[in-house]
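Heads up: the sequence shown begins at 1021 in the numbering used here, then just goes up one per residue. Ideal placement from N, C-alpha and C gives every residue a C-beta, glycine not left out. It should be emphasised that the depicted structure is a prediction, and the values quoted were computed from it without experimental measurement. Comments concern the structure below.
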Amino acid sequence: MRFDFHDFGLKISFLSPASGIDSSFMSSSLQKVLGPFHLWGISVGLVISGDYFGWNLGWAHANFWEFLAAVTLIAIFYSCFSLCFTELAVSIPHAGGPSAYAHVALGPLGGLFAGFFTLTEFVLAPPAIASALGGYFHFLIPSVGAEIASNVFFILLIGINLLGIKQTARFELFVTLTAVFGLLFYFGFIVPHFDSGKLTADFTFNFWNLFPALPYAIWFFLAVEGVAMAAEEVKDPSKDIPLGYLSGIGTLVLLAFGVLFGTAGVVSTGEVSKLDYPLSFTLGNLYGSSSSIVLIFTFIGLFGLIASLLGIILGYSRQIYALAKEGFLPRILSRLNSKTKAPSLAILAGGVVGLVSLQFGNTGELITLSAFGACGMYCISMISFFVLRIKNPNQKKPYQVPFYPILPIVAITLGFVCFITLAIYNAFLFSILGAGLVFSFLIYWSNNGFDLKRVPHSSLSPDEEESSLSRGDTDF
């Protein structure tokens, strides 16, 4: 069966499932069960591990004030970007997220590039989080090796995602609330020891030190946009996504600055600049590493890392699912489990890549590569935003970014600044990213060429239910 629609002068054809694949094993109907509170839980949960570890590595490159400037810059970027991204998400509620927006705006090649960057971000962030999760668990129970704990937790959370979106979202909400409580617990015990003099001990400021610290400032917020990849599973996207997503951004900004100021006010930044468990170390420095306060917090802290790992697995699986359904990845990865409606093969495929990366990568490099992917995706998403706005300036949308075009201009400018900065200060990792992008392009070209009539190939279920993007059911 064939469907045609015109978006921005592009004729895109959608074909029924490819021959040779038994449609009885396939389904493309994701369950619509998520509300705004679930989305708040997913958005905060995706990111909250960034408050527990990773960000502190920035202090190896910058002092408190320099890193504060970097975090402030990134907070401004994410605040502006989130408003633009919300407009895209409610107008094109599709599991592909950024790749879907770029596909509609820029064609299949734009969708391919956005999908590559998004997968880089979401597939490489989990092993970094799992590594820190193992470190926290080892700090709590020294008899269990950090590497063993990392792998066990990773595999366990992959298993939870296989249960389906409803069960995953409920567990994500629980662990997110627990993780937020853990940070409030942390604040409560460091405030009595807060010394503002520690903040001004090194009052020097070198502007150029901001830039190598940017990947770790990004880590405070990285992957929050993943909530858009659950858009096809939201009950009322036009209302629920803005409410859940923007409240999540607000929560994350407050927590990031609380952790940054609170930690710097009680401990030397150099002491925690290379640790996978900076907050537990900080409390241990104040109360003793074996004190009940530290042990309780570390146990709670595990939930913060679990929340992000669980949520990002959800994000990468939906991205793989969408890319496979649109023909950019093997179609078999778009199959849904007939009982749970979860994209099981997509979950497992990303999990295998993550587990391999966990064995051979180090936390800093994984964070930087993940940030590379994020910044590349942000740039393409903002280009897509402007293309859609320019081609349809008077089109009514369920949600529109305020202060247009000022906020979008700020977002796209800062997005490119971050990407270029990462490339300059991490040339070797940038070359790896570039090689991966070229490889993906060659695979795409050899399989599909540049014929818009051949991609995307939306896999329809036996009753011919299409996704929102397949129907052309968007507000752009």
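With a contact defined as Cβ atoms closer than 8 Å, phenylalanine 1142 and glycine 1246 qualify at about 7 Å. DSSP places tryptophan 1060 inside the alpha helix (DSSP H), whose first and last residues are 1056 to 1067.
Put simply, the region 1066 to 1085 touches the region 1277 to 1284. At least three CB pairs are less than 8 Å apart.
Counting of Cβ neighbours within 10 angstroms places leucine 1126 among the buried residues, the total reaching 16 or more. The C-alpha of tryptophan 1075 is placed about 16 Å away from the C-alpha of tyrosine 1098. Separation of the CB atoms of aspartate 1215 and glycine 1285 is rounded to 6 Å, and the pair is thereby assigned contact status at 8 Å. In terms of Cα proximity to leucine 1368, the closest of Leu1176, Phe1225 and Val1430 is Leu1176. Partner residues in the beta bridge of valine 1254, as assigned by DSSP, are Leu1054. Distance check between isoleucine 1210 and each of Leu1449, Leu1230, Leu1322 and Gly1304 places Gly1304 closest, using alpha-carbon atoms only.
Counted as a single uninterrupted DSSP element, the alpha helix (DSSP H) harbouring phenylalanine 1142 occupies residues 1128 to 1160. Looking at the backbone, the Cα of tyrosine 1445 and that of phenylalanine 1225 are separated by about 19 Å. Restricting attention to alpha helix (DSSP H) runs no shorter than 4 residues, the region 1422 to 1453 encloses them at 1426 to 1445, ordered along the chain.
The C-beta distance from glycine 1131 to glutamine 1339 rounds to 11 Å, too long to meet the 8 Å contact threshold. The region 1165 to 1174 makes contact with the region 1372 to 1389, as at least three CB pairs between them are under 8 Å. About 5 Å separates the beta carbons of glutamate 1107 and tyrosine 1419, which is inside the 8 Å limit, making them a contact pair.
Taking C-beta separations shorter than 6 Å and ignoring five residues to either side along the sequence, the partners of leucine 1434 in its chain run Phe1097, following chain order.
The three-state secondary structure of lysine 1218, taken from DSSP, is helix. Lysine 1345 counts as buried, since no fewer than 16 other beta carbons sit within 10 angstroms of its beta carbon. Closest in C-alpha terms to alanine 1366, from the list Ile1333, Ala1394, Ser1390 and Leu1389, comes Ile1333. Phenylalanine 1137 is positioned such that its CB atom lies closer than 9 Å to that of methionine 1397. Inter-residue distance for lysine 1417 and threonine 1289 is about 46 Å (C-alpha atoms, whole angstroms). Put simply, of Thr1283, Leu1059, Ser1466 and Leu1389 the residue whose alpha carbon is nearest the alpha carbon of proline 1262 is Leu1059. Within its own chain, the residues whose Cβ lies closer than 8 Å to the Cβ of isoleucine 1238, once the five positions on either side in sequence are excluded, are Ile1094, Ala1391, Ala1394, Cys1395 and Cys1438, listed in chain order. Where glycine 1335 is concerned, the enclosing alpha helix (DSSP H) starts and stops at 1312 to 1345. Excluding sequence positions up to five before and after valine 1407, its CB lies within less than 7 Å of the CB of Ala1125 and Leu1126, all in the same chain and listed in chain order.
Close CB contacts of isoleucine 1400 within its chain, under the 8 Å cut and outside five residues either way in sequence, are with Pro1118, Ala1122, Leu1126, Gly1130, Phe1133, Ala1134 and Phe1137 (chain order). Within the same chain, Ser1069, Pro1146, Ile1149, Ala1150, Leu1153, Phe1173, Phe1174 and Leu1177 come within 8 Å of leucine 1329 by CB-CB distance, once the 5 residues on both sides are set aside. By the CB criterion at 9 Å, glycine 1324 and leucine 1203 fall inside the cutoff. Selection Pro1298, Glu1167, Ile1313 and Leu1242 evaluated against glutamine 1379 yields Glu1167 as nearest (Cα-Cα). Per DSSP, the unbroken alpha helix (DSSP H) holding serine 1390 starts and ends at 1383 to 1411. In this model, phenylalanine 1205 and glycine 1155 are separated by some 20 Å (Cα to Cα). In this chain, isoleucine 1112 is not harboured by any alpha helix (DSSP H), its DSSP state being neither H nor E.
Annotated three-state conformation of leucine 1275 is helix, per DSSP. A direct Cα-Cα distance of roughly 7 Å separates phenylalanine 1319 from leucine 1160. DSSP, reduced to helix, strand and coil, places tryptophan 1239 outside both helices and strands of the structure shown, so it counts as coil. Of the residues assessed, serine 1309 falls on the exposed side of the cut-off, its CB having fewer than 16 other CB atoms within 10 angstroms.
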